[in-house]
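A.B. asks: Per the numbering used here, residue 23 is the first one in the sequence shown, and the count goes up by one each step.
Have a look at this one before I ask anything.
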Amino acid sequence: MEWIKNIFKGTHDDSDIPEIEELPDILPVLPLKDAVLLPGAVLPLLVTNPASAALIKELHGTGSSIVAVSMRKPHEIHPAVWDNLFSIGCMAKITKVSPGKGGELSIMIRGYRKVLLEEKTTDQPFMKARVTYLTESVEPDTQVYALALSTRDILAQLARRSYQNLDTVLANLAKIKDPHLLLSTTTTNLPIPMDKKQQILEEDDFQTKFTFLYDSLREELDILEISSKITEKARGEINNAQREYYLRQQLKAIKKELGEAGSDADDEMEELRKEILAKELPEEVSREVTKDLKRISRMQPSSSEYVTIRTYLDWILDLPWHESSPDNLEIGNVEQILNEDHFNLKKPKKRILEYLSVKKLKQDLKGPILCFVGPPGVGKTSLGKSIARAMGRKFIRISLGGVRDEAEIRGHRRTYIGAMPGRIIGGIKSAGTVNPVFMLDEIDKLTQDIHGDPASALLEALDPEQNSHFTDHYLNVAYDLSKVFFITTANVVDTIPPALLDRMEIVEIDGYTHEDKLAIAKNYLIPKEIDANGLTGRPIDFKDEAVDHIIRHYTRESGVRNLQREIASSLRIIASEIVRGGIEDYSVDCAFVEKALGALRYLPEAKQRTTIPGVATGLAWTPFGGEILFVESALVQGKDEMILTGQMGDVMKESARLGLSIIKGMGIEIKTDHCIHIHVPAGAIPKDGPSAGVTMVTSIISLLTEKIVRNDLAMTGEITLRGVVLPVGGIKEKVLAARRAGIRSIILPKLNAKDLQDIEAYVTNDLCIHFVENIEDVLKIAFPEAASSGLEAISPPPAEEPVRDAPSLRVQ
Ligand SMILES: Nc1ncnc2c1ncn2[C@@H]1O[C@H](COP(=O)(O)OP(=O)(O)OP(=O)(O)O)[C@@H](O)[C@H]1O
Ligand SMILES: [Mg+2]
């Protein structure tokens, strides 16, 4: 750049331009490549063309003039072609020549006059041309001064912006006061477009020349401004992106240093976000989750809140929101599976088939809430499992026994440490579908305490009207339970909270008869246990007599759980014998059972018990099914009205007192200073209810009249003060219990006759059932000899005789 600075040496001073004495007509032509020389300006050049070099060498030092003229197409055609030259050039003188680095010449020429190249006169040794000197308007006016001022201003601005790295040059140009010099030097030396330069040279009017220059500079400045703006913006953008990247890197480094979330945590977040997106959550849930996701991404993974939210998000992700299993709506198929798993149980099976039939017709059917009620071991739970298998749904069971806290059903709010969803949501999660068969076992064993009422939470889950929006405290968003098939089970209906009971459809599952049990054992339990004990494929012969023996002497139950257990015990003996050293006989008979299970556990005791006066056999209903119970009376010394033992409840005590009053009303006297003691054995078991009324009266009369009650008879019925026998509940279970105990005659209230319709004929066929209306009917059946030998036989003893010696009964 040194050379360009030299241009300005002396250019500030107008007088510095030497005058020219002669203006020759023919001038040697110096073609300019990418340059235009204006009169008054100095142009440094590097001469590479041999012809031009020859010209310079020849003329240098002679003071001769040349004409410097620009080429039209500097790169296309050889410079020496006449036609490739503009017709206007500038007469110039060579002021300096010095050898360049690569052997070329570095020269400086100064322009003097604008010339028109008329014709080429020669080409050898270098081109010469005839020229005409052109005159221009040279007087600068105010306009030109103004233009010069603005031009200088622009030059200064370009200098400030380091236009083409020419800041010093531009600064010097901006100092030139003379408009001519300013115009020529600037045009010649600044890299404005060539055609503009030539235009300025060719133009005659000085003001127009200046306007051209000014416009060109202005344009350069504009372009410069715009491009610097663009550069600035791009730089800004890059800077922002870089800044963020840089900060993130730093953050990562800092976090790593602190042992907090590194890149793994970021990946985890990303993964979580993707999983949540893929889950297609309902809108409300998605909103809640997104909020939590945002919060968690700003937390340290070691913080307890992070863990809490993370656990919550995992729950949401693990829960099924849309996934459901297709229902097997092939009714025949379903029925076959249900029968495969369970014997009998017609009522519940029928109900399931009805449900599926309706479901087949109506797609959006809400799940019903069935409640299987029955004694233990009758297959309530296993039926639920079988229903799920038959329908092709997932099966989930939760036990409500002992649940007394609402939170167990509905979860704890997330604000509590260690909060978890309740059992319902927990169950759904493990099912993995929105439509499982959901069994709520032992709903009658729900309790309630200060922590709220679990029943009310269940109510929301079970009510088909509101369970599409079940809210678990932990989830805090509504969950749709309407597709769940809820089945609840209970042993008794009485303890089920009434509001819950109201929403359920009760399906009673009764206890099994002896014959049922035989069939169940043979067709279901034995094959099941053979399999469970690893005896599949062995020729096991479990004889019917053995099953019968177990049912009669080793179990006393309504269901088949103990039966199953005893069968299993017997089979285990076989298994252990096989392992010990081989056995040949795989048959299980009565002797084998006795050997395997030990001494007989149950013997028909009714006959033995009722061998003395004062004992009567009653029939009771308990949550475990029907039972026989003995009412024992004795006369003891004492002033009390009566003594009652055997954990009787209030109602039972009342019916005992009532019985006594009836007897007194019959005119039967009790020995002075004596009272009646009534005891109901199995003293540890609480008993209650009015249905032992007839049994108590019978027992007391037997005691006072010293007549023994028929030993093959059992009875049930409530009694009024006037001796009328009222109907009672649990008839089927009671009849089955009597039959189990080997009793063949049963006294039932007449108004219970309709209940026998529920019992299969084969059960009642071999029983003698007496329907009674009042206590007289009972006594006639209980004391047949007395009845057949007339009323006197049981008339009260004479007043002076002790009651015990001559018992008699006056029936009113
Ligand atoms: N009708 C039946 N056919 C075949 N097996 C049966 C039948 N009833 C009960 N069982 C079998 O008896 C066993 C006990 O049944 P389960 O556990 O379902 O009784 P539960 O009614 O739920 O009793 P709990 O009230 O005590 O819960 C199961 O192995 C079951 O398969
Ligand atoms: Mg059960």
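Heads up, the beta-carbon is just placed ideally off N, CA and C, and yes, glycines get one too.
Please read these numbers as outputs of a predicted model, since none were measured by experiment.
Apart from the five residues just before and just after S683, which ones in its own chain have a Cβ nearer than 7 Å to its Cβ?
C.D. replies: If we look at S683 and ignore the five residues flanking it on each side, its Cβ neighbours are L743.
A.B. asks: Taking its Cβ as the centre, do 16 or more other Cβ atoms sit within 10 Å of P520, making it buried, or is it exposed?
C.D. replies: Result: exposed.
A.B. asks: Using a Cβ-Cβ cut-off of 7 Å (strictly less than) and excluding sequence neighbours within five positions of F508, which residues of its own chain qualify?
C.D. replies: Same-chain partners within the cutoff: G389, I391, F460, L462 and L484.
A.B. asks: On the DSSP letters alone, give me the boundaries of the alpha helix (DSSP H) that V601 sits inside.
C.D. replies: Its alpha helix (DSSP H) spans residues R583 to G603.
A.B. asks: With three or more beta-carbon pairs closer than 8 Å as the criterion, would you say the region 211-221 touches the region 177-195?
C.D. replies: With the cut-off at 8 Å, the region 211-221 and the region 177-195 touch.
A.B. asks: On the premise that V637 lies in contact with E654, defined as a C-beta separation below 8 Å, what is that separation, rounded to the nearest angstrom?
C.D. replies: Contact flag correct, Cβ pair sits at about 5 Å.
A.B. asks: Based on DSSP bridge pairs, tell me the residues matched to D463.
C.D. replies: Bridge partners of D463: S421.
A.B. asks: On the DSSP letters alone, give me the boundaries of the alpha helix (DSSP H) that L60 sits inside.
C.D. replies: No alpha helix (DSSP H) contains L60, which DSSP labels as neither H nor E.
A.B. asks: Indicate whether I88 and A114 have their beta-carbon atoms separated by less than 7 Å.
C.D. replies: Yes; because the gap between Cβ atoms is below 7 Å, this pair is in contact.
A.B. asks: Identify whether N555 lies in helix, strand or coil by the three-state DSSP scheme.
C.D. replies: Coil, per DSSP.
A.B. asks: Pop quiz: P763 and I650 are said to be a contact at Cβ under 8 Å. What is the actual Cβ separation, rounded to whole angstroms?
C.D. replies: The amino acid occupying residue 763 in the given sequence is Ala; Pro does not appear at that position. Indeed they touch by this definition, with Cβ atoms about 5 Å apart.
A.B. asks: Taking DSSP as the reference, what is the three-state secondary structure of Q669?
C.D. replies: Note: Q669 maps to coil in three-state DSSP.
A.B. asks: When DSSP labels each residue in this structure, what does R183 get in the three-state scheme?
C.D. replies: R183: coil per DSSP, three-state reduction.
A.B. asks: In the DSSP assignment, the alpha helix (DSSP H) including I792 goes from what residue to what residue?
C.D. replies: The amino acid occupying residue 792 in the given sequence is His; Ile does not appear at that position. Element bounds for H792: not the alpha helix (DSSP H) but the beta strand (DSSP E), C790 to V794.
A.B. asks: Taking Cβ positions, are L593 and V569 nearer each other than 7 Å?
C.D. replies: Cβ atoms of L593 and V569: not closer than 7 Å.
A.B. asks: Report yes or no: do the region 730-737 and the region 684-697 share at least 3 C-beta pairs separated by less than 8 Å?
C.D. replies: No, the region 730-737 does not touch the region 684-697.
A.B. asks: Taking the alpha-carbon positions, what's the L813 to K756 distance?
C.D. replies: With a pLDDT of 39 at L813, under the threshold of 50, the predicted position of this residue should be treated as unreliable, though the coordinate-derived value follows. Cα to Cα, L813 sits roughly 31 Å from K756.
A.B. asks: Quick one, are the C-beta atoms of I359 and A300 less than 7 Å apart?
C.D. replies: Contact flag unset, no.
A.B. asks: Assuming contact is defined by CB atoms lying nearer than 7 Å, are G533 and P645 in contact in what I supplied?
C.D. replies: It is not a contact, given that the beta carbons lie outside the stated cut-off.
A.B. asks: Cutting at 7 Å between CB atoms, please list the residues of its own chain near E224, excluding the five before and the five after it.
C.D. replies: Contacts found: I110.
A.B. asks: What are the boundary residues of the alpha helix (DSSP H) that Q488 is part of?
C.D. replies: Taken as a continuous stretch (DSSP letters only), Q488 belongs to no alpha helix (DSSP H), as it is neither H nor E.
A.B. asks: For R415, which three-state DSSP category applies?
C.D. replies: In the structure shown, R415 sits in coil (DSSP, three-state: anything other than H, G, I, E or B).
A.B. asks: Using only alpha-carbon positions, find the residue among L294, P370 and S325 that is nearest to L335.
C.D. replies: Here the closest residue by C-alpha is L294.
A.B. asks: Would you tell me roughly how many angstroms separate the C-alpha atoms of L367 and G640, rounded to the nearest one?
C.D. replies: About 28 Å.
A.B. asks: Can you list every residue whose CB sits closer than 6 Å to some heavy atom of ligand 2, going in chain order?
C.D. replies: My final list is K402, T403, D463 and T511.
A.B. asks: Decide if the region 556-567 is in contact with the region 511-526; the criterion is three or more beta carbon pairs, one per stretch, under 8 Å apart.
C.D. replies: No contact exists between the region 556-567 and the region 511-526.
A.B. asks: Using 10 angstroms around the beta-carbon of R309, count the other beta-carbons present and answer buried if the total reaches 16, otherwise exposed.
C.D. replies: Burial call: exposed.
A.B. asks: Rounded to whole angstroms, what is the Cα-Cα separation between L619 and S591?
C.D. replies: Spanning the two alpha carbons is a distance of roughly 7 Å.
A.B. asks: Closest to F394 by C-alpha separation, out of K369, K142, Q669 and S324, would be which residue?
C.D. replies: Nearest C-alpha to F394: K369.
A.B. asks: To the nearest angstrom, how far is it from the Cα of L81 to the Cα of S120?
C.D. replies: When rounded, the distance between both Cα atoms is 14 Å.
A.B. asks: Quick test of the definition: if touching needs 3 or more C-beta pairs under 8 Å, does the region 489-509 touch the region 326-343?
C.D. replies: As far as the Cβ criterion goes, the region 489-509 touches the region 326-343, which means the pair count is three or higher.
A.B. asks: So who's on the other strand from L649, going by DSSP bridges?
C.D. replies: Rather than Leu, the amino acid found at residue 649 in this sequence is Glu. For E649, which the question treats as bridged, DSSP gives the partners A642.
A.B. asks: Under a Cβ-count criterion, where at least 16 other Cβ atoms within 10 Å of its own Cβ denotes burial, should H97 be classed as buried or exposed?
C.D. replies: Label assigned to H97: exposed.
A.B. asks: Along the alpha helix (DSSP H) that carries S74, what are the first and last residues, could you check?
C.D. replies: It spans P72 to L81 - the alpha helix (DSSP H) in which S74 sits, taken as one unbroken run.
A.B. asks: Taking the alpha helix (DSSP H) that S448 falls in, what are its first and last residues?
C.D. replies: Correcting the residue identity first, residue 448 is Gly in this sequence and not Ser. First-last of the alpha helix (DSSP H) with G448: R445 to A453.
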